[in-house]
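*Asks:* My questions will all concern the structure given below.
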Amino acid sequence: MISQGNQAMTTPAAVVSAESFLRLEQVSKVYPTKKGPFTVLTDITLDIQAGEFICVIGHSGCGKTTLLNMVSGFVRPTTGEVRLKGQPIKEPGPDRMVVFQNYALLPWLTAAENVYLAVDAVWPKKSRPQKMAIVREHLAMVGLAEAANRYPAQLSGGMKQRVAIARALAIRPEILILDEPFGALDAITKEELQEELLSIWQKHRCTVLMITHDIDEALFLADRLVMMTNGPAAKIGEIMTIPFPRPRDRERILEDPTYYQLRNDALDFLYRRYHLDEEAE
Amino acid sequence: MAVASVRRNGNANPLLKFLRQQGADFYLPIIGVIGFLVVWQILSSIKILSLPGPIQVFADERSRYLIFHPFYYNSPLDQGLARQTLISLTRVAQGYGLAAIVGITLGILVGTSKALNKSLDPIFQFLRMVAPLAWVPISLAALRQNEPAAIFVIFITSIWPILINTAVGVREIPQDYKNVSRVLRLSKKTFFLKILLPSALPYIFTGLRIAIGLAWLAIIAAEIVMSGVAGIGFFIWDAYQQNYVTEIIVAVVYIGAIGLILDRLVGFLQSKIAPANR
């Protein structure tokens, strides 16, 4: 079912009954260029269960973002199909909310207004006080109750990312898609936000698909780590199952010898077997 | 060190301190203006310029009357310069207002639709190159009356920067914002009000600011050609016909001052409504 890999693979693929929650089936993406067709992704088959936390890792240019864009619906696969609960994904929609790489907050709206825009779009029939309550609840959840009336320019990078996450969660998506959400943040803010994301996910239990460049981040957050081979024509190289029990505690994980074994496997995959030759780029 | 700083602070009279801080901003423009007037006076005194110098403008009975009586009224074509200016400004307000409404609307349509843009852009690029004065005869021939013709000349001169900048502003909406709109499936109305308009607003104001200058230039040109309508442009033409050069100079000062005020006014609105970086 899943392109099986190495020793760390223990995914119970048999659990997939009739159809998994989210299924990418034989998906490829080819872009026509002047020099002929350019294959970004090929032969991607992946099953994701409801409530799973999936991280995708790979070198730049391996089509991670294209992969996520096919789930969010911004990009249609050239061949194959992406299905959510059996229905093919044809266009973007709020059930698959995206936390964009550079936050994508509207600079002329305050933090609260940015979240309200999403809440109002998804539940137009709710009353204004109801919608405002949802906005306040989610801003408070990411620790930004105080900053509700500030404009994005008055917020730090970490705070902007919190607003973007609050906006995404406020509309109760079935899948939360995050494209390198913490890439631009400093190490401390990054760890804080990882922990917040995890505790929020623990409560909401939506399915999460997240791109990352950071192996430690993926090991801390994900149930499974999808490792991509290098582009062009990237594939899923391996899928690593991360067995740490939840709720996860960073210190406990760091003491676990399994952590280092998994970390070495991932490093080995990324830097030895699929080392990206920068000269060749 | 300590002694020096104490002494400096001790001498600091608040007014002097203010003047010292504002010094360059405050004195240099005044020095520039005085220098300009002096050079002008010298050039006209030694007859290199056959124009009267500033002292003559001030001394001449007719222009002196104009300076000190901006609101006198004898007849529609014989009234104070402030009144004449106001009449011209009313025309500008009508033509410019119309240009803003039509220009922003068309600009949004052209910016949103690629097909519309491709089909209309050549016409826009062509028409915007036609000078205001060239529109006067066409406008008179088409509308047959001075007043609407003058307003049309302002309209057709000032619409292009508004239209073109609005269209660019709409086309330049960042992809991120469009993606937000797509994933949230925003209604057309919400997209227009919450994303398109605020995103294009800085561009629209750039167009409006260029256009106000052009509109003011155009009205003077239009009035000079359309005889018999009150307004500061016709006033100049009339004074020229009767060889009252000092009067012309006073009117030109009015024109420059009003143009500057109009530009700053739109600039002020821009800073209030569409601040450069928020």
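In order, the protein sequence lines correspond to chains D and W. Using the working numbering, you'd call the opening residue of the first sequence number 1 and step up by one each time. Using the working numbering, you'd call the opening residue of the second sequence number 1001 and step up by one each time. Glycine is no exception: its CB is placed at the ideal position from the N, C-alpha and C atoms. Fair warning: this is a prediction, and the values are worked out from it, not measured in the lab.
Exposed or buried, which one is Q161 (chain D) when buried takes at least 16 other CB atoms within 10 Å?
*Replies:* Buried, by the Cβ-count rule.
*Asks:* What residues of chain W sit near A121 (chain D), judged by a beta carbon separation below 8 Å?
*Replies:* Ordered by position in chain W, the residues that pass the 8 Å Cβ test against A121 (chain D) are L1184, R1185, L1186, S1187, T1190.
*Asks:* DSSP three-state call for G1053 (chain W): helix, strand or coil?
*Replies:* In this structure, G1053 (chain W) counts as coil in the three-state DSSP scheme.
*Asks:* For a test of the three-state rule: what should DSSP assign to M1001 (chain W), helix, strand or coil?
*Replies:* Only weak support exists for where M1001 (chain W) lies, its pLDDT of 41 falling under 50; the value from the coordinates is given anyway. Residue state, collapsed to three classes: coil.
*Asks:* Below 9 Å on C-beta distance, what does Y1203 (chain W) contact in chain D?
*Replies:* Ordered by position in chain D, no residue passes the 9 Å Cβ test against Y1203 (chain W), which lies about 14 Å from the chain.
*Asks:* Would you mind giving the Cβ-Cβ distance between G1259 (chain W) and G1213 (chain W), rounded to the nearest angstrom? I have them listed as a contact below 8 Å.
*Replies:* Confirmed, about 6 Å.
*Asks:* What does L84 (chain D) pair with, by DSSP beta-bridge criteria?
*Replies:* Per DSSP, D:L22, D:Q87.
*Asks:* What in chain W is Cβ-close to W201 (chain D), meaning under 7 Å?
*Replies:* The contacting residues do not exist; W201 (chain D) stays about 19 Å from chain W at best.
*Asks:* Note down the Cα distance separating P32 (chain D) from F1205 (chain W), rounded to an integer number of angstroms.
*Replies:* Rounded to the nearest angstrom, the two C-alpha atoms are 39 Å apart.
*Asks:* Can you give me the C-alpha to C-alpha distance between N230 (chain D) and D43 (chain D), rounded to a whole angstrom?
*Replies:* Distance between the alpha carbons of N230 (chain D) and D43 (chain D): 13 Å.
*Asks:* Name, please, each residue of chain W whose Cβ falls closer than 7 Å to the Cβ of N102 (chain D).
*Replies:* Per Cβ cutoff of 7 Å: D1176.
*Asks:* Does P94 (chain D) come within less than 8 Å of chain W when only Cβ atoms are used?
*Replies:* Interface residue, yes.
*Asks:* For D1176 (chain W) and R1182 (chain W), I'd like the C-alpha separation in whole angstroms.
*Replies:* Rounded to whole angstroms, D1176 (chain W) to R1182 (chain W) spans 10 Å at the Cα level.
*Asks:* Is it right to say Q1079 (chain W) is buried, meaning 16 or more other beta carbons lie within 10 angstroms of its own, or is it exposed?
*Replies:* With 16 or more Cβ atoms within 10 Å of its Cβ, Q1079 (chain W) is classed as buried.
*Asks:* Using a cut-off of 7 Å between C-beta atoms, extract the partners of A118 (chain D) located in chain W.
*Replies:* Those within 7 Å of A118 (chain D) in chain W are L1184.
*Asks:* Is any heavy atom of the ligand SAH found at a distance shorter than 7 Å from the C-beta of R162 (chain D)?
*Replies:* What this structure holds is no ligand at all, so the ligand SAH is not there to describe.
*Asks:* Who does E195 (chain D) pair with in a DSSP beta bridge?
*Replies:* Paired residue(s): none; E195 (chain D) is not in a bridge.
*Asks:* Beta-carbon separation of N1179 (chain W) and A164 (chain D) under 8 Å?
*Replies:* For N1179 (chain W) and A164 (chain D), no; Cβs fall outside 8 Å.
*Asks:* Do I57 (chain D) and L225 (chain D) have their CB atoms nearer than 8 Å?
*Replies:* Yes, these two residues count as a Cβ contact at 8 Å.
*Asks:* Considering only the alpha carbon of each residue, which of D:S72, D:R83, D:G237 lies closest to E91 (chain D)?
*Replies:* The residue with the shortest Cα to Cα distance from E91 (chain D) is D:S72.
*Asks:* Can you tell me the Cβ-Cβ gap for V1250 (chain W) and P1052 (chain W), rounded? I've got them flagged as a contact below 8 Å.
*Replies:* With a Cβ gap of about 11 Å, V1250 (chain W) and P1052 (chain W) do not count as contacting.
*Asks:* Report the partner residues of F1058 (chain W) according to the DSSP bridge assignment.
*Replies:* Answer is none; F1058 (chain W) lacks a bridge partner.
*Asks:* Taking C-alpha atoms, which residue in W:F1155, W:V1110, W:V1253 lies nearest to L1081 (chain W)?
*Replies:* Answer by Cα proximity: W:V1253.
*Asks:* So, with DSSP's three-state summary, where would you put D95 (chain D)?
*Replies:* Coil.
*Asks:* State buried or exposed for V1266 (chain W), treating a residue as buried only when at least 16 other CB atoms are found within 10 Å of its CB.
*Replies:* Classification for V1266 (chain W): buried.
*Asks:* What is the DSSP secondary structure of E281 (chain D), reduced to helix, strand or coil?
*Replies:* Residue placement at E281 (chain D) cannot be trusted, given a pLDDT of 41 that sits under 50; the coordinates are not used to answer.
*Asks:* Would you identify the three-state DSSP class for M1 (chain D), choosing helix, strand or coil?
*Replies:* At M1 (chain D), the pLDDT of 42 sits below 50, so the modelled position is not reliable; the number obtained from the coordinates is stated separately. Coil, per DSSP.
*Asks:* Kindly give me the distance between the Cβ atoms of I1151 (chain W) and G1095 (chain W), rounded to whole angstroms, as I take these residues to be in contact under 8 Å.
*Replies:* Confirmed, about 4 Å.
*Asks:* Please classify M1129 (chain W) as buried or exposed, where buried requires at least 16 other C-beta atoms within 10 Å of its C-beta.
*Replies:* Exposed is the call here.
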